(Lines of atoms letter the chains of each structure in order from A; the text may use other names.)
(Lines give C-alpha, C1' and ligand atoms only; values in the text may rest on other atoms or scores of the structure.)
Protein backbone atom coordinates (compact mmCIF):
# COMPACT_ATOMS: atom_id res chain seq x y z
CA UNK A 93 0.00 0.00 0.00
CA UNK A 94 2.82 2.38 0.84
CA UNK A 95 4.39 1.74 -2.57
CA UNK A 96 1.09 2.45 -4.36
CA UNK A 97 0.65 5.74 -2.45
CA UNK A 98 4.22 6.88 -3.06
CA UNK A 99 4.01 6.41 -6.84
CA UNK A 100 1.51 9.29 -7.45
CA UNK A 101 3.50 11.55 -5.10
CA UNK A 102 6.72 10.73 -6.91
CA UNK A 103 5.03 11.37 -10.27
CA UNK A 104 3.81 14.79 -9.08
CA UNK A 105 7.31 15.69 -7.86
CA UNK A 106 8.83 14.67 -11.20
CA UNK A 107 6.24 16.68 -13.17
CA UNK A 108 6.77 19.77 -10.99
CA UNK A 109 10.55 19.46 -11.37
CA UNK A 110 10.20 19.07 -15.15
CA UNK A 111 7.90 22.11 -15.33
CA UNK A 112 10.33 24.22 -13.29
CA UNK A 113 13.24 23.11 -15.50
CA UNK A 114 11.27 24.03 -18.62
CA UNK A 115 10.41 27.47 -17.21
CA UNK A 116 14.04 28.12 -16.28
CA UNK A 117 15.21 27.12 -19.77
CA UNK A 118 12.56 29.29 -21.42
CA UNK A 119 13.53 32.29 -19.27
CA UNK A 120 17.19 31.61 -20.06
CA UNK A 121 16.56 31.88 -23.80
CA UNK A 122 13.91 34.62 -23.63
CA UNK A 123 14.75 38.29 -24.24
CA UNK A 124 15.56 40.28 -21.08
CA UNK A 125 12.49 41.49 -19.21
CA UNK A 126 13.21 45.15 -20.06
CA UNK A 127 13.11 44.26 -23.77
CA UNK A 128 9.92 42.19 -23.36
CA UNK A 129 8.12 45.30 -22.10
CA UNK A 130 8.77 47.11 -25.38
CA UNK A 131 6.04 47.56 -28.03
CA UNK A 132 6.13 46.05 -31.49
CA UNK A 133 8.69 47.84 -33.66
CA UNK A 134 11.05 47.55 -36.65
CA UNK A 135 14.19 47.33 -34.55
CA UNK A 136 15.35 46.61 -31.01
CA UNK A 137 18.51 47.50 -29.11
CA UNK A 138 19.59 46.30 -25.67
CA UNK A 139 22.65 46.87 -23.49
CA UNK A 140 23.48 45.53 -20.03
CA UNK A 141 25.78 48.11 -18.47
CA UNK A 142 25.74 46.40 -15.09
CA UNK A 143 27.49 43.32 -16.48
CA UNK A 144 29.84 45.51 -18.51
CA UNK A 145 30.95 47.16 -15.28
CA UNK A 146 31.37 43.79 -13.59
CA UNK A 147 33.45 42.56 -16.51
CA UNK A 148 35.45 45.82 -16.22
CA UNK A 149 35.32 46.21 -20.01
CA UNK A 150 36.52 49.84 -19.97
CA UNK A 151 38.75 49.63 -16.90
CA UNK A 152 39.23 52.61 -14.60
CA UNK A 153 38.48 55.77 -16.54
CA UNK A 154 39.31 59.33 -15.54
CA UNK A 155 36.43 61.62 -14.62
CA UNK A 156 34.95 63.43 -17.60
CA UNK A 157 33.58 66.99 -17.18
CA UNK A 158 29.82 67.16 -17.68
CA UNK A 159 27.87 69.46 -19.94
CA UNK A 160 26.17 72.19 -17.84
CA UNK A 161 22.67 70.93 -18.72
CA UNK A 162 23.62 67.36 -17.85
CA UNK A 163 25.16 68.54 -14.57
CA UNK A 164 21.90 70.33 -13.73
CA UNK A 165 20.02 67.08 -14.45
CA UNK A 166 22.34 65.14 -12.12
CA UNK A 167 21.93 67.68 -9.33
CA UNK A 168 18.13 67.71 -9.70
CA UNK A 169 17.55 63.96 -9.98
CA UNK A 170 20.59 62.36 -8.35
CA UNK A 171 20.85 60.12 -11.44
CA UNK A 172 24.08 59.77 -13.39
CA UNK A 173 23.79 57.61 -16.50
CA UNK A 174 27.35 56.29 -16.56
CA UNK A 175 27.11 55.33 -12.88
CA UNK A 176 23.47 54.45 -12.18
CA UNK A 177 22.06 53.02 -15.43
CA UNK A 178 22.10 49.20 -15.34
CA UNK A 179 20.04 48.21 -18.41
CA UNK A 180 18.62 50.02 -21.42
CA UNK A 181 16.24 48.62 -24.05
CA UNK A 182 15.06 50.55 -27.10
CA UNK A 183 12.40 49.99 -29.75
CA UNK A 184 12.87 51.73 -33.12
CA UNK A 185 9.71 52.66 -35.02
CA UNK A 186 10.27 53.33 -38.73
CA UNK A 187 7.94 55.94 -40.27
CA UNK A 188 4.87 54.48 -41.94
CA UNK A 189 3.21 55.70 -45.10
CA UNK A 190 0.47 57.36 -43.05
CA UNK A 191 3.02 59.05 -40.80
CA UNK A 192 4.78 60.53 -43.82
CA UNK A 193 1.64 62.34 -44.80
CA UNK A 194 0.81 63.74 -41.35
CA UNK A 195 4.13 64.37 -39.60
CA UNK A 196 6.16 67.56 -39.83
CA UNK A 197 9.26 65.34 -39.76
CA UNK A 198 8.03 62.43 -41.87
CA UNK A 199 11.32 60.62 -42.35
CA UNK A 200 12.46 60.52 -38.75
CA UNK A 201 12.10 57.27 -36.77
CA UNK A 202 10.47 57.27 -33.35
CA UNK A 203 11.79 55.54 -30.24
CA UNK A 204 10.45 53.83 -27.12
CA UNK A 205 12.83 52.98 -24.31
CA UNK A 206 13.05 51.19 -20.99
CA UNK A 207 15.73 52.31 -18.53
CA UNK A 208 16.58 50.25 -15.46
CA UNK A 209 18.85 51.52 -12.72
CA UNK A 210 19.22 53.28 -9.39
CA UNK A 211 16.45 55.89 -9.43
CA UNK A 212 15.38 58.41 -6.79
CA UNK A 213 11.69 58.47 -7.66
CA UNK A 214 10.66 61.64 -5.83
CA UNK A 215 13.51 63.72 -7.26
CA UNK A 216 12.92 62.44 -10.78
CA UNK A 217 9.16 63.03 -10.54
CA UNK A 218 9.71 66.63 -9.43
CA UNK A 219 12.16 67.19 -12.30
CA UNK A 220 9.81 65.73 -14.92
CA UNK A 221 6.86 67.71 -13.57
CA UNK A 222 8.77 70.96 -14.14
CA UNK A 223 9.43 70.04 -17.78
CA UNK A 224 5.97 68.68 -18.60
CA UNK A 225 3.22 70.79 -20.12
CA UNK A 226 0.66 68.27 -18.86
CA UNK A 227 0.49 65.07 -16.83
CA UNK A 228 -1.82 62.15 -17.62
CA UNK A 229 -2.61 59.36 -15.20
CA UNK A 230 -3.04 55.81 -16.48
CA UNK A 231 -3.54 52.88 -14.12
CA UNK A 232 -2.21 54.98 -11.23
CA UNK A 233 0.96 55.83 -13.20
CA UNK A 234 1.74 59.47 -14.06
CA UNK A 235 2.71 60.08 -17.69
CA UNK A 236 4.63 63.32 -18.17
CA UNK A 237 4.10 64.97 -21.57
CA UNK A 238 7.27 66.91 -22.38
CA UNK A 239 7.65 68.99 -25.58
CA UNK A 240 10.95 68.16 -27.27
CA UNK A 241 12.12 69.10 -30.78
CA UNK A 242 8.62 69.47 -32.17
CA UNK A 243 7.41 66.20 -30.66
CA UNK A 244 5.90 65.04 -27.39
CA UNK A 245 8.14 62.89 -25.24
CA UNK A 246 6.07 60.84 -22.81
CA UNK A 247 7.87 59.64 -19.67
CA UNK A 248 6.59 57.43 -16.85
CA UNK A 249 8.17 55.90 -13.75
CA UNK A 250 7.05 52.26 -13.75
CA UNK A 251 8.81 51.07 -10.61
CA UNK A 252 11.49 51.96 -8.10
CA UNK A 253 14.15 51.03 -10.66
CA UNK A 254 12.40 51.42 -14.04
CA UNK A 255 11.57 54.40 -16.26
CA UNK A 256 9.86 54.27 -19.66
CA UNK A 257 9.85 56.93 -22.36
CA UNK A 258 8.45 57.20 -25.89
CA UNK A 259 8.20 59.93 -28.51
CA UNK A 260 5.79 57.91 -30.67
CA UNK A 261 2.78 59.89 -31.90
CA UNK A 262 0.33 57.38 -30.46
CA UNK A 263 -0.11 57.74 -26.65
CA UNK A 264 -1.33 54.12 -26.58
CA UNK A 265 2.29 52.99 -27.09
CA UNK A 266 3.42 54.01 -23.62
CA UNK A 267 0.11 52.89 -22.12
CA UNK A 268 0.71 49.44 -23.62
CA UNK A 269 4.08 49.30 -21.88
CA UNK A 270 2.40 50.17 -18.59
CA UNK A 271 -0.16 47.39 -19.18
CA UNK A 272 2.59 44.82 -19.81
CA UNK A 273 4.50 45.93 -16.71
CA UNK A 274 1.45 45.08 -14.60
CA UNK A 275 1.41 41.46 -15.76
CA UNK A 276 3.62 38.65 -14.52
CA UNK A 277 6.88 38.35 -16.45
CA UNK A 278 6.49 35.63 -19.06
CA UNK A 279 9.17 34.04 -21.27
CA UNK A 280 6.56 34.06 -24.04
CA UNK A 281 6.03 37.83 -23.74
CA UNK A 282 7.46 40.58 -25.89
CA UNK A 283 7.04 41.65 -29.52
CA UNK A 284 6.74 38.82 -32.05
CA UNK A 285 9.58 40.14 -34.24
CA UNK A 286 11.91 40.26 -31.22
CA UNK A 287 10.95 36.77 -30.05
CA UNK A 288 11.47 35.37 -33.54
CA UNK A 289 15.07 36.54 -33.91
CA UNK A 290 16.34 36.75 -30.34
CA UNK A 291 17.37 33.09 -30.59
CA UNK A 292 20.04 34.28 -33.07
CA UNK A 293 21.71 36.40 -30.38
CA UNK A 294 24.77 34.56 -28.95
CA UNK A 295 24.49 33.47 -25.34
CA UNK A 296 25.89 35.88 -22.70
CA UNK A 297 25.84 38.89 -25.03
CA UNK A 298 26.23 42.16 -23.11
CA UNK A 299 24.54 44.10 -25.87
CA UNK A 300 22.65 43.31 -29.04
CA UNK A 301 20.55 44.81 -31.82
CA UNK A 302 17.87 43.27 -34.04
CA UNK A 303 16.41 45.36 -36.85
CA UNK A 304 14.91 45.21 -40.31
CA UNK A 305 17.05 46.51 -43.15
CA UNK A 306 14.64 47.98 -45.69
CA UNK A 307 16.47 49.66 -48.59
CA UNK A 308 13.26 51.19 -49.96
CA UNK A 309 12.24 52.65 -46.60
CA UNK A 310 15.43 53.97 -45.02
CA UNK A 311 14.73 56.62 -42.37
CA UNK A 312 16.21 60.03 -43.11
CA UNK A 313 19.47 60.77 -41.35
CA UNK A 314 20.46 57.10 -41.01
CA UNK A 315 22.83 54.91 -42.97
CA UNK A 316 21.36 54.16 -46.39
CA UNK A 317 20.53 50.44 -46.30
CA UNK A 318 20.60 50.27 -50.11
CA UNK A 319 24.39 50.59 -49.93
CA UNK A 320 24.48 46.99 -48.68
CA UNK A 321 21.05 45.54 -49.39
CA UNK A 322 19.02 45.36 -52.58
CA UNK A 323 16.20 43.50 -50.83
CA UNK A 324 14.81 43.54 -47.27
CA UNK A 325 16.79 41.59 -44.69
CA UNK A 326 17.09 41.22 -40.92
CA UNK A 327 20.31 42.18 -39.14
CA UNK A 328 21.29 40.66 -35.78
CA UNK A 329 24.32 42.27 -34.12
CA UNK A 330 25.83 41.39 -30.75
CA UNK A 331 28.69 42.18 -28.40
CA UNK A 332 30.23 39.65 -26.00
CA UNK A 333 33.13 39.98 -23.60
CA UNK A 334 35.57 37.05 -23.73
CA UNK A 335 38.70 38.78 -22.45
CA UNK A 336 38.29 41.08 -25.43
CA UNK A 337 35.07 42.48 -26.87
CA UNK A 338 33.80 40.25 -29.68
CA UNK A 339 31.46 41.93 -32.16
CA UNK A 340 29.35 40.07 -34.70
CA UNK A 341 26.72 41.32 -37.14
CA UNK A 342 24.78 38.82 -39.23
CA UNK A 343 22.50 39.77 -42.12
CA UNK A 344 19.77 37.17 -42.62
CA UNK A 345 18.61 37.39 -46.23
CA UNK A 346 16.10 35.46 -48.34
CA UNK A 347 18.60 33.76 -50.68
CA UNK A 348 22.24 32.74 -51.00
CA UNK A 349 22.55 35.09 -53.97
CA UNK A 350 21.49 38.07 -51.86
CA UNK A 351 23.81 36.98 -49.03
CA UNK A 352 26.72 36.76 -51.48
CA UNK A 353 25.92 40.25 -52.77
CA UNK A 354 25.93 41.63 -49.22
CA UNK A 355 29.19 39.81 -48.43
CA UNK A 356 30.85 41.15 -51.57
CA UNK A 357 29.78 44.70 -50.75
CA UNK A 358 31.01 44.37 -47.17
CA UNK A 359 34.35 43.06 -48.43
CA UNK A 360 34.66 46.00 -50.81
CA UNK A 361 33.92 48.51 -48.06
CA UNK A 362 36.38 46.75 -45.78
CA UNK A 363 39.11 46.93 -48.43
CA UNK A 364 38.52 50.65 -48.90
CA UNK A 365 38.39 51.17 -45.13
CA UNK A 366 41.71 49.41 -44.57
CA UNK A 367 43.36 51.29 -47.45
CA UNK A 368 42.16 54.61 -46.01
CA UNK A 369 43.45 53.64 -42.56
CA UNK A 370 46.89 52.84 -43.94
CA UNK A 371 46.97 56.12 -45.88
CA UNK A 372 46.10 58.42 -42.97
CA UNK A 373 47.79 56.46 -40.18
CA UNK A 374 50.65 58.21 -38.43
CA UNK A 375 54.07 56.52 -38.22
CA UNK A 376 54.01 53.67 -35.73
CA UNK A 377 50.26 52.91 -35.61
CA UNK A 378 48.66 51.99 -32.30
CA UNK A 379 49.03 48.25 -31.66
CA UNK A 380 45.46 47.80 -30.38
CA UNK A 381 44.04 49.69 -33.38
CA UNK A 382 46.09 47.55 -35.76
CA UNK A 383 44.84 44.43 -33.98
CA UNK A 384 41.25 45.61 -34.47
CA UNK A 385 41.69 46.21 -38.22
CA UNK A 386 43.32 42.82 -38.67
CA UNK A 387 40.45 41.10 -36.84
CA UNK A 388 37.75 42.43 -39.18
CA UNK A 389 36.39 39.51 -41.20
CA UNK A 390 33.55 38.95 -43.67
CA UNK A 391 32.03 35.51 -44.26
CA UNK A 392 29.00 33.95 -45.91
CA UNK A 393 27.05 31.00 -44.54
CA UNK A 394 24.25 30.06 -46.92
CA UNK A 395 21.63 32.82 -46.78
CA UNK A 396 23.59 34.77 -44.17
CA UNK A 397 26.37 37.33 -44.47
CA UNK A 398 28.52 37.93 -41.40
CA UNK A 399 30.88 40.67 -40.24
CA UNK A 400 32.97 40.04 -37.13
CA UNK A 401 35.68 41.88 -35.23
CA UNK A 402 37.57 41.84 -31.93
CA UNK A 403 38.06 45.06 -29.97
CA UNK A 404 40.98 44.87 -27.53
CA UNK A 405 40.24 46.34 -24.07
CA UNK A 406 43.01 48.91 -24.52
CA UNK A 407 41.34 50.31 -27.63
CA UNK A 408 37.94 50.60 -25.91
CA UNK A 409 39.47 52.43 -22.94
CA UNK A 410 41.18 54.87 -25.26
CA UNK A 411 37.98 55.45 -27.25
CA UNK A 412 35.99 56.16 -24.08
CA UNK A 413 38.62 58.06 -22.09
CA UNK A 414 40.32 60.20 -24.75
CA UNK A 415 38.84 63.39 -26.12
CA UNK A 416 40.20 65.79 -28.75
CA UNK A 417 43.01 67.71 -27.06
CA UNK A 418 42.73 70.90 -29.05
CA UNK A 419 38.96 71.22 -29.25
CA UNK A 420 37.58 74.38 -27.72
CA UNK A 421 33.97 75.39 -28.38
CA UNK A 422 33.89 78.68 -30.23
CA UNK A 423 31.26 81.35 -29.58
CA UNK A 424 28.99 82.19 -32.50
CA UNK A 425 30.29 84.83 -34.86
CA UNK A 426 28.87 88.31 -34.23
CA UNK A 427 26.10 89.37 -36.55
CA UNK A 428 27.31 92.20 -38.81
CA UNK A 429 25.36 95.44 -38.48
CA UNK A 430 22.77 96.20 -41.10
CA UNK A 431 24.36 98.90 -43.27
CA UNK A 432 20.94 100.00 -44.47
CA UNK A 433 19.84 101.10 -40.98
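Residue numbers (our numbering): 93 to 433.
For each residue, glycine too, the CB sits at the ideal point set by N, CA and C.
If you're wondering where the values come from, they're calculated on a predicted model, not measured in any experiment.
Report the partner residues of residue 180 according to the DSSP bridge assignment.
BP columns for residue 180 point to 139, 207.
Taking all protein chains shown into account, do 16 or more other C-beta atoms lie within 10 angstroms of the C-beta of residue 205, making it buried, or fewer, making it exposed?
The residue in question, residue 205, is buried, as its Cβ has 16 or more Cβ neighbours within 10 Å.
Using 8 Å as the threshold, is the C-beta distance between residue 235 and residue 221 below it?
No.
Find out if the Cβ-Cβ distance for the pair residue 330, residue 293 is shorter than 8 Å.
With respect to the 8 Å criterion, residue 330 and residue 293 are classified as neighbours on the basis of their beta carbons.
Suppose the cutoff is 7 Å on Cβ atoms and the five residues either side in sequence are ignored; what does the same chain contact list for residue 127 look like?
Excluding its 5 nearest sequence neighbours in each direction, residue 127 has C-beta neighbours in its own chain below 7 Å: 136, 138, 181, 282, 286, listed in chain order.
Any beta carbon of chain B sitting closer than 8 Å to that of residue 353?
Annotation note: the requested chain B is absent from the structure, which comprises a single protein chain.
Cut-off 8 Å between Cβ atoms - residues of its own chain near residue 179, not counting five sequence neighbours on either side:
These residues qualify, in order along the chain: 124, 126, 138, 139, 140, 141, 142, 206, 207, 208, 209.
Among 133, 392, 398, 384, which residue has its Cα nearest to the Cα of residue 406?
The residue among 133, 392, 398, 384 with its C-alpha nearest the C-alpha of residue 406 is 384.
To the nearest angstrom, how far is it from the Cα of residue 341 to the Cα of residue 380?
In this structure, the CA atom of residue 341 is about 21 Å from the CA atom of residue 380.
Give the list of continuous beta strand (DSSP E) stretches no shorter than 3 residues that lie fully inside the region 331-388.
The DSSP assignment places complete beta strand (DSSP E) segments of no fewer than 3 residues inside the region 331-388 at 337-344, in order along the chain.
Nearest to residue 260 by alpha carbon, out of 188, 317, 212, 297?
Ranking 188, 317, 212, 297 by CA distance to the CA of residue 260 puts 188 first.
Those residues which DSSP pairs with residue 244 across a bridge
DSSP, once it has assigned bridges, lists 239 as partnering residue 244.
Where does the unbroken beta strand (DSSP E) through residue 403 begin, and where does it stop?
Counted as a single uninterrupted DSSP element, the beta strand (DSSP E) harbouring residue 403 occupies residues 396-403.
Nearest-angstrom Cα separation, counted from residue 244 out to residue 225
When rounded, the distance between both Cα atoms is 10 Å.
Going by beta carbon distance, what residues of the same chain come within less than 6 Å of residue 231, once the five residues before and after it are set aside?
Closer than 6 Å at the Cβ level, and outside the excluded window around residue 231, lie 270.
Classify residue 367 as buried or exposed, calling it buried when 16 or more other Cβ atoms lie within 10 Å of its own Cβ.
Only exposed fits residue 367, as fewer than 16 other CB atoms lie within 10 angstroms of its CB.
Quick one, are the C-beta atoms of residue 339 and residue 401 less than 8 Å apart?
By the CB criterion at 8 Å, residue 339 and residue 401 fall inside the cutoff.
At least 3 beta-carbon pairs within less than 8 Å: the region 317-328 vs the region 162-178
These segments do not touch.
Applying the criterion that 16 or more other CB atoms from any shown protein chain within 10 Å of the CB defines a buried residue, is residue 303 buried or exposed?
Classification of residue 303: buried, given that the 10 Å Cβ count is 16 or more.
According to DSSP, residues forming a beta bridge with residue 229
Bridge partners of residue 229: 234.
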